[in-house]
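Numbering (the numbering used here), first residue to last: 3 to 702. So the structure is just underneath, and the comments pick up after that.
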């Protein structure tokens, strides 16, 4: 049964009742305009029309926000059709049976004709005109204007709201599910206000239609009564005009209720309270009621005024002001009591330690001293959060997986201008920045000193000076590069994310990459993971690649190559090494643009043969170098690297595949950003420029 319902889009069997009633109800409304309706059913539908209008008004008043009543435009259309159908049905009865007397069109119309307008059709006409003016000119016109402006502003604000959601998602403030819900809410809000802009026209058209129907009933009734039923003018007027006015009032009162509901919905502000509680909280101000009471009391003592009424109103306002004052006083006492209770709990339990104080499960976190908190405060325009989000996006694109969100928090135990960067619980970076200063880094051949706090740049270890904002123009004129404090911190974070990328990817991240690839290559994913390679093994291989900054964005190529290597039973490290030649191009294109030759540093053939021999002799221990030889190699490679860095170039070291892994491990311990490639990893299509050869002497 449920499967059959699902084929028709009905997932909940309970919705079958509503799903069946609504189409039948619409057909009944349409048939009312064509088929004659018995008087009893006409009275029943008139009562139901009033019931429905009151219900919609009460729901609108109790909605916490407009979207809580998102079905209102559709209900408004249905209620309008119901009312117009009743008008057509009642007009048919009034014109055909009105000559028989006031009971012809049913008890409801008769009651409104006799009780509401006291049987006087002149009074009825004026009451009806006043209701039309209130509905059409005041409420409907205002609600329509509010709907139009709200729809326009909502559509204009959509791009900004979408960007804010994307920023919160990238910063880790929102999860994917929360971001999806926010986007759906924004789309629903735009649809709702757009629908309300059009639905308000229903109420306006209904008011206009009521006027025309009233005129048709009066004119047509007089003509029919006098010409066809030989009634006198006075009798025809008494019968048909009273019935027409009663019919118009029966329809106009529900229309007025719906117009009020429309105005309430479009003027409603999202809140955690219903309309009554929302208004009550905001007008319960003792400082507002007190002057009101005083003014009314003064008017009450003016001679000739209804003194008792004004004095009574003044006393009521004074009572409301006193009640508001006691409520405000109690709220302040409650807040003070809560704060005092918190302080007492701390005083009574000085040995109480919260788990949050000792456990931090954030993959990446930045701890700030109290002097750096302003860099992340939104009220002061703190730019650090946006910079960190940009760094995450940049590193994620470069490495091929989503870098985890960076948690930024203050730490009162740190000195004022100190920050720490953690990967998990481990501190991997620490330095100082000055939020009221800027870092001036000297350019090439700049020997002119400027006043400031001399430091080492945390990212590159270069000499730098923290200067004031007033010194920026002077520093730039002397050849310094001036960097904002948030850029200094975010650049340091960027280096750390690249260096520890292998620790940032986990099995959940890898599974997410596989799920994404599975949308386009499902057979490849199913045939490799976990049939040939378990998930934890694949994660270990990707971590090994990322440790040397090899991007894993080409997951399709990785899986295709792994399927051919799976039969060799390689270790994780050996598997990663075997995959490198197919992935090295992604790394090389980040080092040098495609239209420029790749700068490489090579080893002298004698030195390289010696290192290969030493690696073979060491066996499983890898490449073990003498301290003096290792120091000489590092000094000469560092000198060559600094020379290239001054020329704004980044070089790679190219060695034999036999020693690449061990040699890279030694170099990366001292030079973080140095890339070591094997000869077999160089693409045949790239031009190579040997910029230095390391031997007994470093020659460029």
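Note that CB positions come from ideal geometry on N, CA and C, so glycine has one too.
- For residue 411, the uninterrupted beta strand (DSSP E) run begins and ends at 408–412, by DSSP.
- If you draw a straight line from the Cα of residue 220 to the Cα of residue 266, it comes to about 34 Å.
- In the three-state scheme derived from DSSP, where H, G and I count as helix and E and B as strand, residue 367 is classed as strand.
- Every unbroken stretch of the beta strand (DSSP E) spanning 3 or more residues and falling wholly within the region 570–647 is given here in chain order: 600–605.
- Of all alpha-carbon atoms in 473, 455, 434, 156, the one lying nearest the alpha-carbon of residue 461 is that of 434.
- When 145, 538, 471, 32 are compared, the shortest CA-CA separation from residue 81 is found for 32.
- The Cβ atoms of residue 378 and residue 499 lie no closer than 7 Å to each other.
- Under the 8 Å Cβ criterion, the region 388–396 counts as touching the region 488–497, having at least three qualifying pairs.
- Per DSSP, the unbroken alpha helix (DSSP H) holding residue 195 starts and ends at 178–229.
- Distance between residue 85 and residue 183, taken at the CA atoms: about 37 Å.
- Cβ-Cβ distances below 6 Å link residue 557 to 515, 519 in the same chain, with the five nearest sequence neighbours on each side left out; the list follows chain order.
- For the pair residue 83 and residue 148, the Cα-to-Cα distance works out to about 23 Å.
- DSSP places residue 243 within a helical segment (H, G or I) once states are collapsed to three.
- Between residue 402 and residue 611, the alpha-carbon positions lie close to 36 Å from each other.
- A distance below 7 Å separates the beta carbons of residue 552 and residue 589.
- Where residue 524 is concerned, there is no enclosing beta strand (DSSP E), although the alpha helix (DSSP H) around it starts and stops at 524–530.
- Here residue 663 is not near residue 549, since their CB atoms are 7 Å or more apart.
- Counting only runs of at least 4 residues, the region 447–519 fully encloses the following alpha helix (DSSP H) elements, listed from N- to C-terminal order: 474–479, 487–501, 503–506.
- Contact check between the region 69–78 and the region 191–205: three or more CB pairs, one atom from each, fall below 8 Å, which counts as touching.
- Buried is the label assigned to residue 665, since at least 16 other Cβ atoms lie within 10 Å of its Cβ.
- For the pair residue 131 and residue 240, the Cα-to-Cα distance works out to about 19 Å.
- When only Cα atoms are considered, residue 689 and residue 599 end up about 5 Å apart.
- Residue 162 has its alpha-carbon roughly 47 Å from the corresponding atom of residue 252.
- In the three-state scheme derived from DSSP, where H, G and I count as helix and E and B as strand, residue 164 is classed as helix.
- Collapsing the DSSP output to three states places residue 691 in a strand.
- The beta carbons of residue 247 and residue 238 sit no closer together than 7 Å.
- Partner residues in the beta bridge of residue 434, as assigned by DSSP, are 420.
- Contact between the region 641–648 and the region 530–547 is absent: fewer than three C-beta pairs spanning the two stretches fall below 8 Å.
- DSSP lists 656 as the beta-bridge partner residues of residue 679.
- Looking at the DSSP output, residue 428 shares a beta bridge with 425.
- Only residues of its own chain outside the window of five on either side were considered, and among them 201, 204 have a CB closer than 8 Å to the CB of residue 79, listed in chain order.
- For residue 440, the uninterrupted beta strand (DSSP E) run begins and ends at 439–444, by DSSP.
- Across the structure, residue 371 and residue 490 are spaced so that their CA atoms are roughly 16 Å apart.
- Burial state of residue 471 is exposed, judged by a 10 Å Cβ sphere holding fewer than 16 other Cβ atoms.
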